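In this note's numbering, the protein residues as written are 269 to 810. A virtual CB, placed ideally from N, CA and C, is assigned to each residue, including glycine. Since we're looking at a predicted model, the values are computed, not measured.
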């Protein structure tokens, strides 16, 4: 009996020694493998809500993820070419996140910046929170020496209609943008969700494709009543004062030859917006193109076109934008596609018809994007009679706008994302003599309208109907609006088909417990720990 007990204790010591050596070595900082996952028996930390956003320029990307721990995490990133097999690169850059409590109960938002990125390079990245390592994500930087490419969508507004249908439509749009358009980032003109504090709707918006396609969001009226927007999106160069509301403020970034300035149009401070724009332009004097994005369309054709607050913005903002030399303005809010004439302040140019290009313009082009997800549409307003709209479409199909810019030319193509047929094309040439080649367009299909029974109407009206869902009036395209004369990142891979809203890490770690004697166990563990710690401290001193 005595021999049997002795043999059992010896076996137990051998087992505990091997387990304890690994455990205490990790605790005291001995090198471990770069791809080590959660230690067996430790508590798993859930990570989710990943969103890649634009950085201050083309050499950086901002990142946000949520983690169920208050301790700040880190993001590790490296060129994908340095991977060996499926293993995360042994050498990588690391950026520490800023962590704060989020709107999502129990979760903390982590936000960091990946900088010093090289052009035309695919990167891998992952998150580390405590002992928890995320799966590996990827993104690719562009080559701005060949011009820039980006996409624009209007209101995804997940949750404004049927939730699942909106999520599905958003997936179709993002898939089309990422696989069929060669763009470096995506601009959303606001209203990412329908209810500003709804984490369910944000989970639907934060499709996993937004972990690799950099987003430049805009604060819409449906985003404005909660801090959730700023917790989900890591914004570069955000103003401390201009355009400030609960959700966030104005911000800017430079990509290649273009300065982008996003205005929080929920703020009605024209003076503040003008000061912000002037400041951003002064900081970036070499920008050849200047683009502004805000949510509330001032040159739309649906029901909001004559709202008092829209009229106020229409009277105050265009003269400033024209004076500051803004080239293009992207907007949303009215869930209808509208391209304006070139606008000199509040006066459209006198060219009749929809136009396909302009040369050396002195005015500003205004684009109102239709729904990016198809969650909700508005029809042309019954009483619309303004003279600024060159192109109107309400085919009740989600759209995305592809934009390519060289030093001398701006080209935009608007697609229906359900089949990538062409709705609209337009080009701005800085000068009459163009020597620079346009960036090759991978989509060379002939232009189609895809209007499904649409009509042309020189008054900008169709059927006199206003729609707030997908099943109201039939589609309408208005091609002509004639102005009156003289008017002017480790390898925890998710199962196939999983999304960002799924849990990235497993939460059910299993611990094996061997119970022989409480006192004997405690003594053995203490002895082994003391022995290992002595060896580790000795090795560190040497």
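Looking at the secondary structure, which residues open and close the alpha helix (DSSP H) in which residue 438 lies?
431-448
Grab me the residues of residue 697's own chain with a C-beta within less than 6 Å of its C-beta, minus the 5 sequence neighbours each way, in chain order.
627, 677
Closest by CA to residue 690, which one among 665, 576, 652?
665
Determine the DSSP secondary structure at residue 401, reduced to helix, strand or coil.
strand
Contact check, residue 526 vs residue 635 under 8 Å by CB: the rounded distance?
Not confirmed; about 15 Å, so no contact.
Check whether the Cβ atoms of residue 503 and residue 519 sit closer than 9 Å, and answer yes or no.
yes
Applying the criterion that 16 or more other CB atoms from any shown protein chain within 10 Å of the CB defines a buried residue, is residue 654 buried or exposed?
buried
Pick from 521, 327, 544: whose alpha carbon is nearest that of residue 410?
327
Under a Cβ-count criterion, where at least 16 other Cβ atoms within 10 Å of its own Cβ denotes burial, should residue 349 be classed as buried or exposed?
exposed
Does DSSP put residue 548 in a helix, a strand or coil?
helix
Out of 591, 587, 601, 632, which has the shortest C-alpha to C-alpha gap to residue 609?
632
When you compare the CB positions of residue 813 and residue 406, do they come within less than 9 Å of one another, or not?
Past the edges of the chain, shown from 269 to 810, lies residue 813, and the structure says nothing about it.
With DSSP as the reference, label residue 308 as helix, strand or coil.
Because the pLDDT at residue 308 is just 37, under 50, the model does not fix this residue reliably, and the point stays unresolved.
May I ask which residues mark the beginning and end of the alpha helix (DSSP H) holding residue 472?
467-473
Could you give the DSSP three-state label for residue 632: helix, strand or coil?
strand
To which residues does DSSP link residue 692 through a beta bridge?
682
Taking 8 Å as the cut-off, does the segment 489-499 touch the segment 446-465 (at least 3 CB pairs, one atom from each stretch)?
yes
Strand pairing of residue 382, partner residues [DSSP]
329
How long is the line joining the alpha carbons of residue 428 and residue 619, rounded to whole angstroms?
38 Å
Contact defined as beta carbons within less than 8 Å: I believe residue 639 pairs with residue 603. What is the distance between those atoms, to the nearest angstrom?
5 Å
Which of helix, strand or coil DSSP assigns to residue 588
helix
Check whether chain D comes within 9 Å of residue 405, counting only Cβ atoms and requiring the distance to be less than that.
You won't find chain D in this structure, because it holds only one protein chain.
Can you tell me the Cα-Cα spacing of residue 764 and residue 541, whole angstroms?
Because residue 764 sits at a pLDDT of 32, beneath the cut-off of 50, its placement in the model cannot be relied upon, and the point is left open.
Limits of the alpha helix (DSSP H) - the one that residue 345 falls within:
Where residue 345 is concerned, there is no enclosing alpha helix (DSSP H), although the beta strand (DSSP E) it sits in stretches over 342-347.
When you compare only the Cα positions, how much space is there between residue 379 and residue 347?
21 Å
Run the CB neighbour count on residue 472, radius 10 Å, all protein chains shown included, and call it buried at 16 or more, exposed below.
buried
Leaving out five residues before and five after residue 711 in sequence, what residues of the same chain have Cβ atoms less than 6 Å from its Cβ?
In this prediction, residue 711 scores a pLDDT of 40, lower than 50, which makes its location untrustworthy; the coordinate-derived value is nonetheless stated afterwards. Taken in chain order, the list of residues that qualify is empty.
Counted within 10 angstroms of its Cβ, other Cβ atoms place residue 554 as buried (16 or more) or exposed
exposed
Residue 372: which of 321, 484, 564, 496 sits nearest, CA to CA?
496
Which residues does DSSP pair with residue 362 in a beta bridge?
344
Please check the pair residue 613 and residue 586, which I expect to be a contact at CB under 8 Å, by giving their CB distance rounded to whole angstroms.
5 Å
Rounding to the nearest angstrom, what Cα-Cα distance links residue 438 and residue 322 in this structure?
20 Å
Quick check: the Cα distance between residue 675 and residue 505, rounded to an integer number of angstroms?
24 Å
Could you tell me the boundaries of the alpha helix (DSSP H) in which residue 623 lies?
No alpha helix (DSSP H) holds residue 623; DSSP gives it neither H nor E.
DSSP state of residue 316, grouped into three classes?
strand
Pick out the complete alpha helix (DSSP H) segments inside the segment 471-548, 4 residues or longer, and give them in chain order.
496-500
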